[in-house]
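Its first residue numbered 346, the sequence shown is counted upward by one per residue in the numbering used here.
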Amino acid sequence: MGPVASLAPETLDVDAARDLFMEERPDAPQDKAITDLLAEKADVKSLVREALRQAGQFPFSQVNDRIIRFTGRFMDEELARELLAVDFEDSGFNDDIAEVVGKLGSLSIPLLRPFFERNDQARIPLALRILENLPREETVDLILTHWPLLWGQYKEWLLDAVEHIGDQRFIPVLKVEMREGERTESEIFRLLCLINGVADTELKRIDRELEIWKKREKRLQGAMERGDMGALLREPLEISLQCRSCRTIHHYTVEKVFVAVGAKDTVIEDKIVCKKCGALDHYEIAREGMVGVTARLALLTLDPDSAKMDHDEITVIPVRSVSAFGKEMALQELLDKYEKKLSKKPENPELLIGFANALRQIKRREDSIPFYERAIKNDPLSVEGYVSLAE
Ligand SMILES: [Zn+2]
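Following this line, the structure appears as structure tokens:
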């Protein structure tokens, strides 16, 4: 069959139209006529079913966009269920699927509920995207029923849904979760109070916090406009950290970050207390947290003047890797080395303390404690171990 552009759709029969429709190619102007013809003359249900089966086999195919839109023309609960069962992986069709399934209105809610009940990681973000356009009692009930799961694992999508739906019943649960320095949820809480006419006692604190953020943004913007790299580099850094104990991600404002160039070591000097569970210095840097660090490092290397700045003045500081066992290595490498050595001499106090110190350096403080304790038990004079524990 020739290229779709040379075809006159009105001359097609149903089989030819179906083949063209399912062809792996970008959309063409003739697609409207082709899908109209199929809608009118083909057995739509079986065509959609076949198309969805194909979509499941090729989740990244450019036909899928067309298939989803076509399915949307005949949307009912049965087709919605079949569409939602297709695994599109991360191929970026969620917006389209949300739109067409959303046509069902509250009929879609019973189809989405099982995703929450079985914590379906691929589909909960999609389900929340659909629910955010269904501001109804049942939607709020469904979200509130699964709130702890959603807050713990799908916060970003949950907050979007809460903001869109705007229901008053979200105010008390959000209030419990709010933490200082968490801008998105503070702003959404404030909005919910405003649109529902609620005068909450937290609002004053939030307004004060927002004022500080705005000032900081202004300061950064001013420094940008003046090309004052020094001022930018001196600003504290806001960074996302994931607690190793309770797994929640929060933002923290930090003053000193050491980065070993060429290695993956990024060590925050500030003491970090988890905003949820209170764990001290027991976290890893979240993926989005590294973006800010890398940006600061880039500024430092791009601007020759700032490279000369006193390191005490700037927030993100490049350093050499740690030196141990007679060579420079990344902390992760050092940990591996200690683990290997400990497997041969598991009770050696010197190795136990070295390992515990390395764990503490990469902010696995809680994991490090048993090793200090073991070292002290084996050698009560390993004073260094005491000192580190007492800190
Ligand atoms: Zn925690």
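We put the beta carbon where it would ideally sit given N, CA and C, even for glycine. Keep in mind that this is a model prediction, so the values were computed, not measured.
Bridge partners of residue i, per DSSP?
i: Ile-613; result: Val-602
i: Tyr-628; result: Cys-588
i: Pro-663; result: Val-604
i: Tyr-597; result: Ile-584
i: Arg-705; result: In the DSSP output, where bridge partners are listed per residue, Arg-705 has none listed.
i: Met-674; result: Val-667
i: Val-618; result: Leu-625
Is it buried or exposed for residue i, if we count other Cβ within 10 angstroms and need 16 for buried?
i: Glu-674; result: Note on residue identity: the sequence assigns Met, not Glu, to residue 674. With 16 or more Cβ atoms within 10 Å of its Cβ, Met-674 is classed as buried.
i: Glu-692; result: exposed
i: Lys-708; result: buried
i: Glu-678; result: buried
i: Glu-530; result: buried
i: Pro-470; result: buried
i: Val-408; result: buried
i: Asp-626; result: buried
i: Arg-398; result: exposed
i: His-491; result: buried
i: Arg-719; result: buried
i: Thr-646; result: exposed
i: Asp-610; result: buried
Check whether the Cβ of residue i sits closer than 7 angstroms to any heavy atom of ligand 1, and report yes or no.
i: Ala-624; result: yes
i: Ser-590; result: yes
i: Lys-621; result: yes
i: Thr-593; result: yes
In chain order, what residues of the same chain lie with their CB nearer than 6 angstroms to the CB of residue i, ignoring the 5 residues before and after it?
i: Leu-382; result: Ala-362
i: Phe-603; result: Val-612, Ile-662 and Val-664
i: Met-346; result: Its pLDDT being 46, under 50, Met-346 is placed unreliably in this model, and the coordinates cannot settle the point.
i: Phe-716; result: Leu-697, Phe-700 and Ala-701
Skipping 5 residues on each side, what residues in its chain have a beta carbon closer than 7 angstroms to that of residue i?
i: Cys-622; result: Cys-588, Ser-590 and Cys-591
i: Leu-452; result: Glu-422
i: Val-599; result: Pro-581, Leu-582, Ile-584, Ile-613 and Asp-615
i: Leu-449; result: Met-420, Glu-422 and Ala-425
i: Phe-572; result: Sequence check: residue 572 is Gly here, not Phe. None.
i: Leu-690; result: First, the amino acid is wrong: residue 690 is Lys here, not Leu. Excluding sequence neighbours, Lys-690 sits near Leu-696.
i: Trp-496; result: Leu-503 and Glu-522
i: Ile-510; result: Glu-477, Pro-480, Thr-484 and Val-485
Counting only the same chain and skipping the five closest in sequence on each side, list residues whose C-beta sits under 8 angstroms from that of residue i.
i: Asp-410; result: Asp-372, Phe-438 and Asp-441
i: Glu-527; result: His-595, His-596 and Lys-620
i: Arg-579; result: Glu-658, Ile-659 and Thr-660
i: Lys-682; result: Ala-669, Phe-670 and Met-674
i: Leu-519; result: Val-507, Glu-530, Ile-533, Phe-534 and Leu-537
Please check the pair residue i and residue j, which I expect to be a contact at CB under 8 angstroms, by giving their CB distance rounded to whole angstroms.
i: Asp-505; j: Leu-473; result: 7 angstroms
i: Val-661; j: Arg-641; result: 4 angstroms
i: Leu-487; j: Ile-454; result: 6 angstroms
i: Phe-415; j: Val-393; result: 7 angstroms
i: Leu-565; j: Leu-577; result: 7 angstroms
i: Ser-406; j: Ala-400; result: 7 angstroms
i: Ser-688; j: Met-574; result: Actually they do not touch by this definition, with Cβ atoms about 47 angstroms apart.
i: Val-446; j: Leu-429; result: 7 angstroms
Would you say the beta carbon of residue i is closer than 7 angstroms to some non-hydrogen atom of ligand 3?
i: Tyr-628; result: You won't find ligand 3 in this model; what it holds is ligand 1.
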